Amino acid sequence: MKNLFLAGILLFATSLSNAQETTEESVPDSRDINKNELSINAFNLVAFGIIDIAYERVIDENSTWAIEGYLYPNNDDYYGDGFFKNTSLTGKYKHFFSSTYARGFYVNGFGMLSNGEYDIDYYFSEPSGEYVYETENYTDFAIGFGLGGKFVSQGGFLLDLNAGIGRNLLSDNSPTIVGQFMVNLGYRF
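Read in order, the letters of the sequence shown are residues -19 to -1, 1 to 170 in mature numbering (1 follows the signal peptide of the UniProt record, and there is no 0).
1. Helix, strand or coil for Phe24, going by three-state DSSP, please let me know.
2. Return the residue from the list Asp33, Gly90, Leu142 and Asp121 that minimises the CA-CA distance to Lys154.
3. Looking at C-beta atoms only, is the number of pairs between the segment 75 to 86 and the segment 100 to 117 that lie closer than 8 Å three or more?
4. Would Gly125 pass as a contact of Phe170 if the rule is Cβ separation under 8 Å?
5. According to DSSP, simplified to helix, strand and coil, what is Phe29?
6. Can you tell which of Ala83, Asn149 and Thr45 has the C-alpha that lies nearest to the C-alpha of Val133?
7. Pull the bridge partners of Leu142 from the DSSP assignment, please.
8. Could you tell me if Arg12 is buried or exposed, where buried requires 16 or more neighbouring beta carbons within 10 angstroms of its beta carbon?
9. Answer yes or no: do Asn55 and Gly30 have a C-beta to C-beta separation smaller than 8 Å?
10. Please look up how many angstroms separate the CB atoms of Asn96 and Thr68, rounded, as I've assumed it's under 8 Å.
11. When the distance is taken between beta carbons, is Tyr112 closer than 8 Å to Phe138?
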């Protein structure tokens, strides 16, 4: 009777152990199997009215590629010298340094095609008492790099913080240095 009772307990413990293993394996995190992300730069949208949307695709657990579209519809309201571009299209490659699936600390390289209006000269007009700025339209291509961190919840919602700097290469009528500061909110699906 003792042996029968011991065999029953071992059988029960084995089946319980197998049930736990299959349950844990059958429900992976959605953030570890989904490969597409869509996000918007919430900081630029709220602070400046800039529409900056990104689509990102996970290549493997350590890398992604992304394409970002930037539109500044109210470019007449400059906020200092930071926003000369009206539109841009940016391609990025991100490499992650954590052991988690395409999240955590990363570095990225980017190429940006942009256009806008850049101040090339200014002078003081005595009759009006104001500075007059001479501007020219430009289209240019920049390359650069950035650093960032991505945090993804178990449900797939994400926060991507990124700062980058690059240099325009083709035109003398464009800003020499381009910058990126991003606080993206989005979803991995």
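Ideal Cβ placement from N, Cα and C applies to all residues, glycine included.
These figures come from a predicted structure and were not determined experimentally.
Based on what the coordinates show:
1. On the sequence shown, residue 24 is found 43 positions in, with the first residue counted as 1. Three-state DSSP puts Phe24 in a helix.
2. Counted from its first residue, the sequence shown places residue 154 at position 173. Reading the sequence as shown, one finds Asn at residue 154 and not Lys. Ranked by Cα distance from Asn154, the options Asp33, Gly90, Leu142 and Asp121 are led by Asp121.
3. Segments in contact, no.
4. As a working mapping, residue 125 is identified with position 144 in the sequence shown. As a working mapping, residue 170 is identified with position 189 in the sequence shown. The criterion of a C-beta distance shorter than 8 Å is not satisfied by Gly125 and Phe170.
5. What you label residue 29 is simply residue 48 of the sequence shown in a count that begins at 1. It is helical.
6. The count along the sequence shown starts at 1 and reaches residue 133 at position 152. Taking the Cα of Val133 as reference, the smallest distance to any Cα among Ala83, Asn149 and Thr45 is reached at Ala83.
7. Sequence index remark: in the sequence shown, residue 142 carries index 161 (1-based). DSSP, once it has assigned bridges, lists Gly130 and Val164 as partnering Leu142.
8. For the purposes of this step, residue 12 is identified with residue 31 of the sequence shown, where counting begins at 1. Label assigned to Arg12: buried.
9. In the sequence shown, residue 55 corresponds to position 74, counting from 1. In the sequence shown, residue 30 corresponds to position 49, counting from 1. Asn55 is a Cβ neighbour of Gly30, given a cutoff of 8 Å.
10. Stepping through the sequence shown from its first residue, residue 96 is reached at position 115. Stepping through the sequence shown from its first residue, residue 68 is reached at position 87. That pair is a contact at about 6 Å.
11. As a working mapping, residue 138 is identified with position 157 in the sequence shown. As a working mapping, residue 112 is identified with position 131 in the sequence shown. Not a contact, by the Cβ cut-off of 8 Å.
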